[in-house]
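Asker: For the protein sequence lines, the chains are X and S, in the order given.
If you read the first sequence in this note's numbering, its first letter stands for residue 15, the second for the next number, and so on.
If you read the second sequence in this note's numbering, its first letter stands for residue 9, the second for the next number, and so on.
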Amino acid sequence: GAGVSQTPSNKVTEKGKYVELRCDPISGHTALYWYRQSLGQGPEFLIYFQGTGAADDSGLPNDRFFAVRPEGSVSTLKIQRTERGDSAVYLCASSGDHPSYNEQFFGPGTRLTVL
Amino acid sequence: AQSVTQLGSHVSVSEGALVLLRCNYSSSVPPYLFWYVQYPNQGLQLLLKYTTGATLVKGINGFEAEFKKSETSFHLTKPSAHMSDAAEYFCAVSQGDSSYKLIFGSGTRLLVRP
Chain X
15 GAGVSQTPSN KVTEKGKYVE LRCDPISGHT ALYWYRQSLG QGPEFLIYFQ GTGAADDSGL
75 PNDRFFAVRP EGSVSTLKIQ RTERGDSAVY LCASSGDHPS YNEQFFGPGT RLTVL
Chain S
9 AQSVTQLGSH VSVSEGALVL LRCNYSSSVP PYLFWYVQYP NQGLQLLLKY TTGATLVKGI
69 NGFEAEFKKS ETSFHLTKPS AHMSDAAEYF CAVSQGDSSY KLIFGSGTRL LVRP
């Protein structure tokens, strides 16, 4: 079956603009995660969804960042008033019901560049 | 707080040589430990994981890792490097009630020389 997909693969925007990044998880996976990977660094946790609800959003850096998963499948990461420091690769992952035991499957990421 | 340290941002080996990528972690409780590989323009792929039980874990593509609690290490090895192993490798840890939250090291880029 298809893996995790993310769109767009690349996004270039100007400082101050609003962006939306989309994640389509593996069909049937109830858990969904967003991570951010800055240049030369490992991924950093942003938020974890179990179904439609955000079970842990402690990694979101500030209130400009918001994520939704209204139907428990596709998720959108929204960034308001983008800043140059938001430039990074945003990774989405999904897994089965019990994330302790289930592998997180990662998408290829969306590379965001804020000019 | 948990953290992961990967010694060596770049490692270069000859084809056929031993691969050793180092990972040390800090954790106040028994951790879950992972190694992921990232090829260019592709998502992270799980190589292997340790949760409980046997401390020597075998993964895909001939890789294995050993959990050493006394050394707080989880080094990744492969007896004989192949050109296709060239990629970036990430060690990660999670624990306890937040076991869904992977804490990654900064990665090690493996170069395989012909």
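Glycine is no exception: its CB is placed at the ideal position from the N, C-alpha and C atoms.
Using 10 angstroms around the beta-carbon of R83(X), count the other beta-carbons present and answer buried if the total reaches 16, otherwise exposed.
Answerer: Start at 1 with the first residue of the first sequence, and residue 83(X) comes out as number 69. Classification for R83(X): buried.
Asker: Among L53(X), D111(X), Q64(X), which residue has its Cα nearest to the Cα of S89(X)?
Answerer: For the purposes of this step, residue 89(X) is identified with residue 75 of the first sequence, where counting begins at 1. The option with the nearest alpha carbon to S89(X) is Q64(X).
Asker: Rounded to whole angstroms, what is the Cα-Cα separation between I111(S) and L119(S)?
Answerer: Residue mapping note: residue 111(S) aligns to position 103 of the second sequence, counting from 1. Residue mapping note: residue 119(S) aligns to position 111 of the second sequence, counting from 1. Their backbone Cα atoms lie some 24 Å apart in a straight line.
Asker: Going along the chain, which residues of the segment 48-74 of chain S sit with their C-beta nearer than 8 Å to a C-beta in chain X?
Answerer: Within the segment 48-74 of chain S, the residues whose Cβ lies closer than 8 Å to some Cβ of chain X are N49, Q50, G51, L52, Q53, L54, K57, T59, listed in chain order.
Asker: Throw me the rounded Cβ distance for the G121(X) and Q51(X) pair, which I believe falls under 8 Å.
Answerer: Position 107 of the first sequence, counted from the start, is the residue given in the question as residue 121(X). Position 37 of the first sequence, counted from the start, is the residue given in the question as residue 51(X). Not quite, the Cβ-Cβ distance comes to about 12 Å (not below 8 Å), so this is no contact.
Asker: By Cβ distance, which residues of its chain are closer than 8 Å to G104(S), with the 5 residues on each side in sequence left out?
Answerer: Here residue 104(S) corresponds to residue number 96 of the second sequence, with the count starting at 1. So the qualifying residues of the chain are V37.
Asker: Please list the terminal residues of the continuous beta strand (DSSP E) segment that includes G67(X).
Answerer: Counting from one through the first sequence, the residue named residue 67(X) turns up at place 53. Run containing G67(X): 67-70, per the beta strand (DSSP E) assignment.
Asker: K66(S) by DSSP, collapsed to three states: which one?
Answerer: The residue labelled residue 66(S) in the question sits at position 58 within the second sequence. Of the three classes helix, strand and coil, the one that applies to K66(S) here is strand, per DSSP.
Asker: I'd like to check one pair, V18(X) with S108(X): are the Cβ atoms closer than 8 Å?
Answerer: Within the first sequence, numbered from 1, the residue matching residue 108(X) stands at position 94. Within the first sequence, numbered from 1, the residue matching residue 18(X) stands at position 4. It is a contact, given that the beta carbons lie within the stated cut-off.
Asker: When DSSP labels each residue in this structure, what does R117(S) get in the three-state scheme?
Answerer: Translated into the one-based positions of the second sequence, residue 117(S) becomes position 109. Looking at R117(S) - three-state DSSP - the assignment turns out to be strand.
Asker: Below 8 Å CB to CB, which residues in the same chain sit around T66(X) once its five sequence neighbours on both sides are set aside?
Answerer: Here residue 66(X) is taken as the residue at index 52 of the first sequence, counted from 1. Excluding positions up to five away in sequence, the list reads R83, P84, E85, G86.
Asker: Between L84(S) and chain X, is any beta-carbon pair separated by less than 8 Å?
Answerer: The residue given as residue 84(S) occupies position 76 in the second sequence. No, L84(S) lies away from the interface with chain X (no Cβ there is under 8 Å from its Cβ).
Asker: Return yes when the Cβ of M91(S) is within less than 8 Å of the Cβ of P48(S), no when it is not.
Answerer: Here residue 48(S) corresponds to residue number 40 of the second sequence, with the count starting at 1. Here residue 91(S) corresponds to residue number 83 of the second sequence, with the count starting at 1. No, the Cβ-Cβ distance between P48(S) and M91(S) is not below 8 Å.
Asker: Would the beta-carbon of V45(S) fall within 8 Å of that of G113(S)?
Answerer: On the second sequence, position 37 is the one that residue 45(S) refers to. On the second sequence, position 105 is the one that residue 113(S) refers to. No, the pair does not count as a contact, with Cβ atoms beyond the cut-off.
Asker: Which chain S residues sit within Cβ distance under 8 Å of G123(X)?
Answerer: Here residue 123(X) is taken as the residue at index 109 of the first sequence, counted from 1. Residues of chain S passing the Cβ test: G51.
Asker: Within 8 Å of any Cβ in chain S, is that where the Cβ of A68(X) sits?
Answerer: In the first sequence, residue 68(X) corresponds to position 54, counting from 1. False, the Cβ-Cβ gap to chain S never drops below 8 Å.
Asker: Pop quiz: I61(X) and L74(X) are said to be a contact at Cβ under 8 Å. What is the actual Cβ separation, rounded to whole angstroms?
Answerer: Numbered from its first residue, the first sequence carries residue 61(X) at position 47. Numbered from its first residue, the first sequence carries residue 74(X) at position 60. That belief holds up - the Cβ atoms of I61(X) and L74(X) are roughly 6 Å apart, short of 8 Å.
Asker: Please decide whether S20(S) counts as near chain X, where near means a Cβ-Cβ distance under 8 Å.
Answerer: For the purposes of this step, residue 20(S) is identified with residue 12 of the second sequence, where counting begins at 1. So no, S20(S) is outside the interface.
Asker: Pull out every residue of the segment 103-118 of chain S whose Cβ sits closer than 8 Å to any Cβ of chain X, in chain order.
Answerer: Cβ contacts with chain X: S106, S107, Y108, K109, L110, I111, F112, G113, S114, G115.
Asker: For D38(X), which of helix, strand or coil comes out of DSSP?
Answerer: Numbered from its first residue, the first sequence carries residue 38(X) at position 24. D38(X): strand per DSSP, three-state reduction.
Asker: Look at the Cβ atom of E72(S), then the Cβ atom of L52(S), and state whether they are nearer than 8 Å.
Answerer: Counting from 1 along the second sequence, the entry for residue 72(S) is found at position 64. Counting from 1 along the second sequence, the entry for residue 52(S) is found at position 44. Contact flag unset, no.
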